[in-house]
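Counting in my numbering, the sequence shown runs from 102 upward without gaps.
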Amino acid sequence: MLSPEQVKAMIEAVVPCEYVEVEGDGHHFFARIVSFAFEGKPRLARHRLIKDGLAEKLASNELHALSIAAAATPAEWAQKQ
């Protein structure tokens, strides 16, 4: 069973992140991700970037379920805070 910290490290290996918060129970995880890598990309492309980078973990069921609650650029994240 994965911890939120392990899932956070997986996400940080996919894109350089300014901020990542992961919550979960070992099976289902929810992430808030802030990265310059999302600049100029629509919401769906941001989610795909993360999910494609974790495809192997998701396909093997090592990472069972990941919901991306937020995928924002640093400027967008600052406006929401």
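Each residue gets a CB set at the ideal place from its N, CA and C atoms; glycine is no exception.
Measuring CB to CB, does residue i end up less than 9 Å from residue j?
{"i": "G154", "j": "A114", "result": "yes"}
When you compare each of the options to residue i by their alpha carbons, which one comes out closest?
{"i": "S104", "options": "L145, F131 and A170", "result": "F131"}
{"i": "I169", "options": "E124, R133, Y120 and R144", "result": "R133"}
{"i": "I119", "options": "H128, H129 and F137", "result": "Note that residue 119 is Glu in the sequence shown, not Ile. The candidate whose alpha carbon is nearest that of E119 is F137."}
{"i": "E140", "options": "Q180, A172 and I112", "result": "A172"}
{"i": "L164", "options": "T174, P175, I151 and A176", "result": "I151"}
{"i": "E177", "options": "P143, K158, R149 and N162", "result": "P143"}
{"i": "G127", "options": "N162, Q180, K181 and Q182", "result": "N162"}
{"i": "V123", "options": "V108, P117 and V116", "result": "V108"}
What did DSSP end up calling residue i once you bin it into helix, strand or coil?
{"i": "V116", "result": "coil"}
{"i": "L155", "result": "coil"}
{"i": "Q182", "result": "coil"}
For residue i, which residues does DSSP report across the bridge?
{"i": "I169", "result": "A132"}
{"i": "V123", "result": "A132"}
Could you give the C-beta distance for residue i and residue j, rounded to a whole number, given that I count them as a contact under 8 Å?
{"i": "A166", "j": "H129", "result": "5 Å"}
{"i": "V135", "j": "P175", "result": "6 Å"}
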